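The UniProt record's numbering puts the first residue of the sequence shown at 1, with every later residue one more than the last. Just so it is clear, CB atoms sit at the ideal spot from N, CA and C, and this is done for glycine as well. These numbers were taken from a predicted model, which means no experiment stands behind them. All remarks here apply to the structure that follows.
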Amino acid sequence: MVPTDPVPVAVVLIVAVPAAFVVAYGASELRLASHLLRSRPDSVLETTEGGPVELRGEARPVRGTVEAPFSGADCLACVYEVEEYRSSGKSSSWQTIDSGEEYVPFLVDDGSASVLVEPPGADFRLSRDGRVEVEGGTRPPERIARYIDSDDDIDSQDTSIDLRVFELKTGNDRRFAEYRLDPGSEVHVLGIARHDTTVATRSGQVNAAVGVGEAILDPNRWVRLRHRFVGYPFLISDRNERRLGLKAALVGTASVLAGVGVVAAVLVFLRL
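Structure follows, in structure tokens:
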């Protein structure tokens, strides 16, 4: 029966819209899990034909590297995250207060040839290469201190109160983590290949590039949104494929069940 009372209808809509996004996200994770667990890598030589590809090989620099913000390591891609330990009432937890990613184009060499990978728009799922914990009220390592000084969104937690008898540290604890793709690392890439005669710069490199699907750049936001949830994924990872696939399957299943369950619970509550 369709409800005539506008209040239940509004409640259903308020719950259904975010639940639909949760279900769509879960479905995209399940699709990714299927790619990771069932498919086999393509040869780099096949990328010149264009279309969806799955590659596995060695990551190599092609136009230099980027410097990881906390360690200073030279890498091809880096995802970083800053967490702060905060208290609210009786509960305390780590909360992300800043994050970002840096990258440069790089090559994937599978032994038969190499192909250019263009990272913009990629879903990076990299192993954590380091995490620095800094206690509140203490000065962080020099590189992290410079990072804090250069970021207007992060204030210093190197604070204290002088009580004469002793100095009371007042800042919050923080964690600074890096997830890097280093030169020479084994990398797994899912993406859309395109034939391009302008990108090859060295012997053994094919005339192709791998990146995000063109639909993600479409001016129509609904086309972009649809591609994000049902289009071929663009993934760059250095993790164990089986573990990554199983985790995606677990997250996807939980998300779908949660989204459907919430809507079902609301409908039951409203006795529709």
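Quiz prompt | Ser91: first and last residue of the uninterrupted alpha helix (DSSP H) it sits in | solution = Along the sequence shown, one-based indexing puts residue 91 at 91. Where Ser91 is concerned, there is no enclosing alpha helix (DSSP H), although the beta strand (DSSP E) it sits in stretches over Ser91 to Tyr103.
*Quick one: is Ala49 buried, meaning 16 or more other Cβ sit within 10 Å of its Cβ, or exposed?*
Locating residue 49 in the sequence shown gives position 49, where the first residue counts as 1. The sequence shown places Glu at residue 49, not Ala. Glu49 is exposed by the Cβ-count criterion.
**Item:** At least 3 beta-carbon pairs within less than 8 Å: the segment 65 to 80 vs the segment 50 to 57
**Value:** no
Straight-line gap, His35 to Gly245 (C-alpha atoms, nearest Å):
The sequence position of residue 35 within the sequence shown is 35, counting from 1. The sequence position of residue 245 within the sequence shown is 245, counting from 1. Their Cα atoms are separated by approximately 8 Å.
task: Mind checking who Pro61 pairs with in its DSSP beta bridge?
output: Residue mapping note: residue 61 aligns to position 61 of the sequence shown, counting from 1. Pro61 is bridged to Phe106.
- request: Could you say if the segment 201 to 210 and the segment 115 to 135 meet the contact criterion of at least three C-beta pairs nearer than 8 Å?
  value: yes
### Task
Decide yes or no for the touch test of the segment 137 to 157 against the segment 257 to 268: beta carbon pairs closer than 8 Å, at least 3 of them.
no
So, do the segment 79 to 99 and the segment 21 to 35 have three or more beta carbon pairs nearer to each other than 8 Å?
no
### Task
Entirely within the segment 107 to 132 and at least 4 residues each: give me those alpha helix (DSSP H) ranges in chain order.
none
task: Please state if the CB of Pro41 and the CB of residue 277 are separated by a distance shorter than 9 Å.
output: Since the displayed the chain opens at 1 and closes at 272, residue 277 lies outside it and no answer follows.
Open item on the list: Give the list of continuous beta strand (DSSP E) stretches no shorter than 3 residues that lie fully inside the segment 23 to 78.
Closed with: 51 to 61
(message) Are the CB atoms of Gly204 and Tyr232 within a distance shorter than 9 Å?
(response) For this step, residue 232 is matched to residue 232 along the sequence shown. For this step, residue 204 is matched to residue 204 along the sequence shown. Going by C-beta atoms, Tyr232 is not nearer than 9 Å to Gly204.
**OP:** Establish whether the CB of Ala33 and some CB of chain B are separated by less than 9 Å.
**Re:** Among the protein chains of the structure shown there is no chain B, as only one such chain exists.
**Closest residue to Tyr103 among Val17, Gly137 and Arg63 (Cα-Cα distance)** = Position 103 of the sequence shown, counting from 1, holds the residue named residue 103. Ranking the options by Cα distance to Tyr103, first place goes to Arg63.
Which value, in whole angstroms, describes the spacing of the CA atoms of Leu13 and Phe229? As a first step, residue 13 is located in the sequence shown; it is residue number 13 there, counting from the start. As a first step, residue 229 is located in the sequence shown; it is residue number 229 there, counting from the start. If I take the Cα positions, the gap works out to 21 Å.
TODO: Measure the C-alpha to C-alpha separation of Glu178 and Ile144 and round it to an integer number of angstroms.
DONE: In the sequence shown, residue 178 corresponds to position 178, counting from 1. In the sequence shown, residue 144 corresponds to position 144, counting from 1. Going by the C-alpha atoms only, they are around 12 Å apart.
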